[in-house]
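S.K.: In full-length UniProt numbering, the protein residues as written are 1 to 283.
This structure is in C-alpha coordinates; I'll ask about it shortly.
Listed below in C-alpha coordinates is the structure:
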(Lines of atoms letter the chains of each structure in order from A and count residues from 1; the text may use other names and numbers.)
(Lines give C-alpha, C1' and ligand atoms only; values in the text may rest on other atoms or scores of the structure.)
Protein backbone atom coordinates (compact mmCIF):
# COMPACT_ATOMS: atom_id res chain seq x y z
CA UNK A 1 0.00 0.00 0.00
CA UNK A 2 1.29 3.44 -0.88
CA UNK A 3 -0.32 6.57 0.45
CA UNK A 4 1.51 9.83 0.20
CA UNK A 5 1.58 11.80 3.43
CA UNK A 6 2.45 15.42 2.73
CA UNK A 7 3.83 17.76 5.35
CA UNK A 8 1.56 20.35 3.75
CA UNK A 9 -1.57 18.40 4.57
CA UNK A 10 -0.42 17.94 8.15
CA UNK A 11 -0.41 21.68 8.72
CA UNK A 12 -2.84 22.80 11.39
CA UNK A 13 -5.00 25.77 10.50
CA UNK A 14 -4.63 28.57 13.05
CA UNK A 15 -8.35 28.67 13.84
CA UNK A 16 -11.17 26.54 15.12
CA UNK A 17 -14.90 26.85 15.67
CA UNK A 18 -16.82 26.71 18.94
CA UNK A 19 -18.31 23.39 17.74
CA UNK A 20 -14.98 21.61 17.29
CA UNK A 21 -15.04 18.24 19.02
CA UNK A 22 -18.82 18.19 19.37
CA UNK A 23 -21.46 16.18 17.54
CA UNK A 24 -25.17 16.29 16.86
CA UNK A 25 -27.62 13.64 15.69
CA UNK A 26 -29.50 14.83 12.60
CA UNK A 27 -31.51 11.61 12.23
CA UNK A 28 -31.30 8.19 13.94
CA UNK A 29 -28.80 7.08 11.31
CA UNK A 30 -27.03 10.40 10.65
CA UNK A 31 -24.56 12.00 13.05
CA UNK A 32 -22.54 15.16 12.38
CA UNK A 33 -19.17 15.57 14.11
CA UNK A 34 -17.02 18.71 13.82
CA UNK A 35 -13.23 18.62 13.44
CA UNK A 36 -11.96 22.19 13.97
CA UNK A 37 -13.87 23.91 11.14
CA UNK A 38 -14.94 20.90 9.05
CA UNK A 39 -17.75 18.40 9.53
CA UNK A 40 -17.69 14.65 9.04
CA UNK A 41 -20.69 12.34 9.12
CA UNK A 42 -21.17 8.95 10.75
CA UNK A 43 -23.95 7.09 8.96
CA UNK A 44 -25.56 4.10 10.61
CA UNK A 45 -28.13 3.42 13.30
CA UNK A 46 -26.38 2.31 16.52
CA UNK A 47 -29.61 0.84 17.91
CA UNK A 48 -29.66 -1.62 15.01
CA UNK A 49 -26.03 -2.39 14.14
CA UNK A 50 -22.43 -1.45 14.99
CA UNK A 51 -21.76 -1.06 11.26
CA UNK A 52 -21.29 2.46 9.95
CA UNK A 53 -20.10 4.53 7.00
CA UNK A 54 -17.96 7.66 7.22
CA UNK A 55 -18.61 10.66 4.98
CA UNK A 56 -15.45 12.76 4.60
CA UNK A 57 -12.47 12.60 6.93
CA UNK A 58 -12.13 16.08 8.38
CA UNK A 59 -9.13 18.21 9.16
CA UNK A 60 -5.53 16.98 9.43
CA UNK A 61 -4.80 15.08 12.65
CA UNK A 62 -8.48 14.31 13.24
CA UNK A 63 -8.44 10.53 12.73
CA UNK A 64 -8.20 9.51 16.38
CA UNK A 65 -10.97 11.90 17.40
CA UNK A 66 -13.27 10.64 14.64
CA UNK A 67 -12.66 7.00 15.56
CA UNK A 68 -13.17 7.69 19.27
CA UNK A 69 -16.47 9.40 18.44
CA UNK A 70 -17.47 6.36 16.39
CA UNK A 71 -16.70 4.07 19.34
CA UNK A 72 -18.81 6.26 21.62
CA UNK A 73 -21.71 6.08 19.18
CA UNK A 74 -21.49 2.50 17.91
CA UNK A 75 -19.71 0.79 20.80
CA UNK A 76 -16.34 -0.94 21.14
CA UNK A 77 -17.28 -3.41 18.41
CA UNK A 78 -17.93 -0.63 15.88
CA UNK A 79 -17.31 -1.73 12.29
CA UNK A 80 -16.41 0.87 9.70
CA UNK A 81 -17.68 -0.44 6.34
CA UNK A 82 -16.55 2.21 3.87
CA UNK A 83 -15.74 5.90 3.42
CA UNK A 84 -17.53 8.30 1.09
CA UNK A 85 -15.88 11.52 -0.07
CA UNK A 86 -17.78 14.60 -1.18
CA UNK A 87 -14.43 15.79 -2.59
CA UNK A 88 -10.74 15.67 -1.78
CA UNK A 89 -9.77 19.09 -0.41
CA UNK A 90 -7.40 18.91 2.55
CA UNK A 91 -10.07 19.76 5.11
CA UNK A 92 -12.19 16.82 3.94
CA UNK A 93 -9.45 14.15 3.76
CA UNK A 94 -7.21 15.28 6.63
CA UNK A 95 -7.73 12.16 8.74
CA UNK A 96 -8.16 9.76 5.82
CA UNK A 97 -4.74 8.12 5.62
CA UNK A 98 -4.56 7.48 9.36
CA UNK A 99 -8.08 6.02 9.39
CA UNK A 100 -7.25 3.73 6.47
CA UNK A 101 -4.17 2.43 8.26
CA UNK A 102 -6.44 1.19 11.06
CA UNK A 103 -9.45 0.35 8.91
CA UNK A 104 -8.46 -0.55 5.31
CA UNK A 105 -11.91 -0.11 3.79
CA UNK A 106 -13.05 1.04 0.33
CA UNK A 107 -13.12 4.79 -0.31
CA UNK A 108 -15.80 5.87 -2.77
CA UNK A 109 -15.53 9.06 -4.83
CA UNK A 110 -16.53 10.48 -8.19
CA UNK A 111 -14.07 9.55 -10.98
CA UNK A 112 -13.41 13.23 -11.77
CA UNK A 113 -11.95 13.54 -8.28
CA UNK A 114 -9.55 10.61 -8.79
CA UNK A 115 -6.53 12.64 -10.05
CA UNK A 116 -6.40 14.42 -6.67
CA UNK A 117 -6.75 11.15 -4.75
CA UNK A 118 -4.19 9.12 -6.71
CA UNK A 119 -1.26 11.53 -6.54
CA UNK A 120 -1.54 12.49 -10.20
CA UNK A 121 -2.70 16.10 -9.99
CA UNK A 122 -2.70 18.81 -7.32
CA UNK A 123 -5.70 21.05 -6.81
CA UNK A 124 -5.53 24.60 -8.20
CA UNK A 125 -4.01 27.10 -5.79
CA UNK A 126 -6.63 28.97 -3.76
CA UNK A 127 -7.51 32.44 -4.97
CA UNK A 128 -6.59 34.60 -1.99
CA UNK A 129 -7.23 37.75 -4.05
CA UNK A 130 -10.92 36.97 -4.50
CA UNK A 131 -13.51 39.13 -2.79
CA UNK A 132 -13.96 37.90 0.79
CA UNK A 133 -12.94 38.12 4.41
CA UNK A 134 -9.94 37.09 6.50
CA UNK A 135 -10.18 33.36 5.75
CA UNK A 136 -9.92 34.19 2.06
CA UNK A 137 -6.69 36.08 2.70
CA UNK A 138 -5.36 33.13 4.71
CA UNK A 139 -6.25 30.63 1.97
CA UNK A 140 -2.95 31.12 0.15
CA UNK A 141 -1.39 28.93 2.85
CA UNK A 142 -3.92 26.11 2.47
CA UNK A 143 -2.43 22.84 1.14
CA UNK A 144 -3.51 21.67 -2.30
CA UNK A 145 -1.17 18.70 -2.78
CA UNK A 146 -2.77 15.46 -3.94
CA UNK A 147 -2.81 12.38 -1.76
CA UNK A 148 -2.50 8.83 -3.06
CA UNK A 149 -5.03 6.30 -1.78
CA UNK A 150 -5.14 4.34 -5.04
CA UNK A 151 -5.24 0.98 -3.28
CA UNK A 152 -8.52 1.85 -1.58
CA UNK A 153 -10.19 4.11 -4.13
CA UNK A 154 -13.41 2.91 -5.81
CA UNK A 155 -15.67 4.75 -8.25
CA UNK A 156 -19.16 5.56 -7.03
CA UNK A 157 -21.70 3.41 -8.94
CA UNK A 158 -22.97 5.25 -12.04
CA UNK A 159 -26.60 4.47 -11.16
CA UNK A 160 -26.47 6.80 -8.13
CA UNK A 161 -26.61 4.02 -5.56
CA UNK A 162 -24.25 3.91 -2.59
CA UNK A 163 -22.66 0.64 -1.43
CA UNK A 164 -23.42 -0.10 2.24
CA UNK A 165 -26.17 2.59 2.28
CA UNK A 166 -29.20 1.23 0.38
CA UNK A 167 -31.48 4.08 1.49
CA UNK A 168 -29.17 6.82 0.21
CA UNK A 169 -28.17 8.05 -3.23
CA UNK A 170 -25.44 10.31 -4.53
CA UNK A 171 -25.64 13.27 -6.92
CA UNK A 172 -22.85 14.87 -8.93
CA UNK A 173 -22.69 18.49 -7.73
CA UNK A 174 -19.60 20.01 -9.39
CA UNK A 175 -18.41 23.58 -9.21
CA UNK A 176 -16.47 23.67 -5.98
CA UNK A 177 -14.43 20.84 -7.50
CA UNK A 178 -14.94 18.83 -10.70
CA UNK A 179 -15.87 15.65 -8.91
CA UNK A 180 -17.81 17.06 -5.98
CA UNK A 181 -20.81 14.95 -4.93
CA UNK A 182 -23.63 15.24 -2.41
CA UNK A 183 -25.61 12.50 -0.64
CA UNK A 184 -29.38 12.35 -0.17
CA UNK A 185 -31.75 10.07 1.73
CA UNK A 186 -35.30 10.31 0.38
CA UNK A 187 -36.83 8.99 3.60
CA UNK A 188 -36.72 12.03 5.86
CA UNK A 189 -35.22 14.10 3.01
CA UNK A 190 -31.77 14.34 4.60
CA UNK A 191 -29.03 16.03 2.54
CA UNK A 192 -25.27 15.94 3.06
CA UNK A 193 -24.08 18.66 0.69
CA UNK A 194 -20.33 18.83 1.29
CA UNK A 195 -19.19 22.24 0.05
CA UNK A 196 -21.76 22.58 -2.75
CA UNK A 197 -23.19 25.16 -0.37
CA UNK A 198 -22.38 25.80 3.27
CA UNK A 199 -24.28 26.99 6.34
CA UNK A 200 -21.70 29.49 7.52
CA UNK A 201 -20.02 32.38 5.70
CA UNK A 202 -16.78 30.48 5.23
CA UNK A 203 -14.60 33.42 4.21
CA UNK A 204 -15.42 35.31 7.45
CA UNK A 205 -13.11 34.38 10.32
CA UNK A 206 -15.57 35.67 12.93
CA UNK A 207 -18.51 33.73 11.53
CA UNK A 208 -16.44 30.56 11.10
CA UNK A 209 -15.35 30.73 14.74
CA UNK A 210 -18.83 31.61 16.05
CA UNK A 211 -20.67 29.33 13.58
CA UNK A 212 -23.42 31.81 12.75
CA UNK A 213 -26.02 29.73 10.89
CA UNK A 214 -27.04 30.96 7.42
CA UNK A 215 -27.09 29.55 3.88
CA UNK A 216 -24.17 30.59 1.66
CA UNK A 217 -22.58 29.51 -1.59
CA UNK A 218 -19.45 27.35 -1.66
CA UNK A 219 -16.18 28.73 -0.22
CA UNK A 220 -15.12 31.47 -2.62
CA UNK A 221 -11.36 30.92 -2.53
CA UNK A 222 -11.46 27.30 -3.75
CA UNK A 223 -14.48 27.21 -6.05
CA UNK A 224 -13.23 26.94 -9.62
CA UNK A 225 -16.40 26.77 -11.75
CA UNK A 226 -19.13 29.17 -10.67
CA UNK A 227 -21.58 28.27 -13.44
CA UNK A 228 -21.46 24.61 -12.43
CA UNK A 229 -21.69 25.59 -8.76
CA UNK A 230 -24.93 27.50 -9.47
CA UNK A 231 -26.41 24.55 -11.35
CA UNK A 232 -25.49 22.26 -8.44
CA UNK A 233 -27.16 24.51 -5.86
CA UNK A 234 -30.29 24.63 -8.03
CA UNK A 235 -30.27 20.83 -8.26
CA UNK A 236 -30.05 20.52 -4.49
CA UNK A 237 -32.75 23.14 -3.91
CA UNK A 238 -35.05 21.09 -6.15
CA UNK A 239 -34.71 18.17 -3.72
CA UNK A 240 -36.49 20.26 -1.07
CA UNK A 241 -34.46 18.78 1.80
CA UNK A 242 -35.97 18.80 5.28
CA UNK A 243 -32.49 18.64 6.82
CA UNK A 244 -29.18 19.75 5.33
CA UNK A 245 -25.70 19.27 6.72
CA UNK A 246 -22.72 20.78 4.95
CA UNK A 247 -18.96 20.55 5.17
CA UNK A 248 -18.81 23.75 7.21
CA UNK A 249 -21.37 25.20 9.59
CA UNK A 250 -24.26 23.87 11.64
CA UNK A 251 -26.92 21.51 10.24
CA UNK A 252 -30.11 23.32 9.24
CA UNK A 253 -33.74 22.28 8.88
CA UNK A 254 -37.25 23.51 8.26
CA UNK A 255 -38.28 26.90 6.94
CA UNK A 256 -34.91 28.55 7.59
CA UNK A 257 -33.23 25.99 5.35
CA UNK A 258 -35.95 26.02 2.69
CA UNK A 259 -36.02 29.81 2.40
CA UNK A 260 -32.23 30.17 2.46
CA UNK A 261 -31.60 27.50 -0.16
CA UNK A 262 -34.27 28.77 -2.56
CA UNK A 263 -32.98 32.34 -2.24
CA UNK A 264 -29.42 31.15 -2.86
CA UNK A 265 -30.48 29.25 -5.99
CA UNK A 266 -32.58 32.15 -7.30
CA UNK A 267 -29.99 34.87 -6.67
CA UNK A 268 -26.75 32.89 -6.88
CA UNK A 269 -24.83 35.22 -9.25
CA UNK A 270 -25.46 38.19 -6.96
CA UNK A 271 -25.11 36.63 -3.51
CA UNK A 272 -22.55 33.85 -4.05
CA UNK A 273 -20.31 34.69 -7.00
CA UNK A 274 -17.48 37.13 -6.14
CA UNK A 275 -17.17 40.34 -8.10
CA UNK A 276 -13.66 39.40 -9.23
CA UNK A 277 -11.08 36.63 -9.00
CA UNK A 278 -9.11 34.23 -11.17
CA UNK A 279 -11.97 31.69 -11.26
CA UNK A 280 -14.66 34.33 -11.91
CA UNK A 281 -15.31 34.66 -15.63
CA UNK A 282 -18.86 35.90 -15.88
CA UNK A 283 -22.01 36.05 -13.83
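We treat Cβ as the ideally placed atom computed from N, Cα and C, and that holds for glycine.
Quantities reported herein were computed from a predicted structural model and do not represent experimental measurements.
In terms of alpha-carbon separation, which member of 61, 73 and 280 lies closest to residue 52?
M.R.: Minimum Cα distance to residue 52 is reached at 73.
S.K.: Can you tell me the Cα-Cα spacing of residue 235 and residue 180, whole angstroms?
M.R.: Going from the Cα of residue 235 to the Cα of residue 180 covers about 13 Å.
S.K.: Please confirm if the segment 219-227 is in contact with the segment 53-70, defined as three or more CB-CB distances below 8 Å between the two stretches.
M.R.: Touching, no, given that fewer than three Cβ pairs across the two stretches are closer than 8 Å.
S.K.: Where in the segment 43-91 do unbroken runs of the beta strand (DSSP E), each at least 3 residues long, occur, reported from the N-terminal end onward?
M.R.: Fully enclosed beta strand (DSSP E) runs of 3 or longer: 51-55 and 79-84.
S.K.: Below 9 Å between beta carbons: does that hold for residue 117 and residue 88?
M.R.: Yes, Cβ-Cβ distance for residue 117 and residue 88 is below 9 Å.
S.K.: Based on the DSSP output, what are the partners of residue 25 in its beta bridges?
M.R.: DSSP, once it has assigned bridges, lists 31 as partnering residue 25.
S.K.: Using 10 angstroms around the beta-carbon of residue 256, count the other beta-carbons present and answer buried if the total reaches 16, otherwise exposed.
M.R.: The residue is exposed, with fewer than 16 neighbouring Cβ atoms inside 10 Å.
S.K.: Look up residue 118 in the DSSP assignment and say whether it is helix, strand or coil.
M.R.: Looking at residue 118 - three-state DSSP - the assignment turns out to be strand.
S.K.: Do you know offhand how far residue 129's Cα is from residue 82's?
M.R.: Taking the straight line from one Cα to the other gives about 38 Å.
S.K.: Looking at the structure shown, is residue 187 part of a helix, part of a strand, or coil, going by DSSP?
M.R.: Looking at residue 187 - three-state DSSP - the assignment turns out to be coil, as it is neither helix nor strand.
S.K.: Can you check DSSP and say which residues form a bridge with residue 243?
M.R.: DSSP, once it has assigned bridges, lists 190 and 253 as partnering residue 243.
S.K.: According to DSSP, residue 125 sits in a beta bridge with which residue or residues?
M.R.: Its beta-bridge partners do not exist; DSSP assigns none.
S.K.: So the alpha helix (DSSP H) residue 237 belongs to, where does it begin and stop?
M.R.: First-last of the alpha helix (DSSP H) with residue 237: 226-238.
S.K.: If we call anything under 9 Å between Cβ atoms a contact, is residue 178 one with residue 112?
M.R.: It is a contact, given that the beta carbons lie within the stated cut-off.
S.K.: If you reduce the DSSP assignment to three classes, tell me which class residue 39 lands in.
M.R.: The answer is strand: DSSP assigns residue 39 an E or B state.
S.K.: Does the segment 241-256 come close enough to the segment 150-157 that 3 or more CB-CB pairs lie under 8 Å?
M.R.: The segment 150-157 vs the segment 241-256: no contact.
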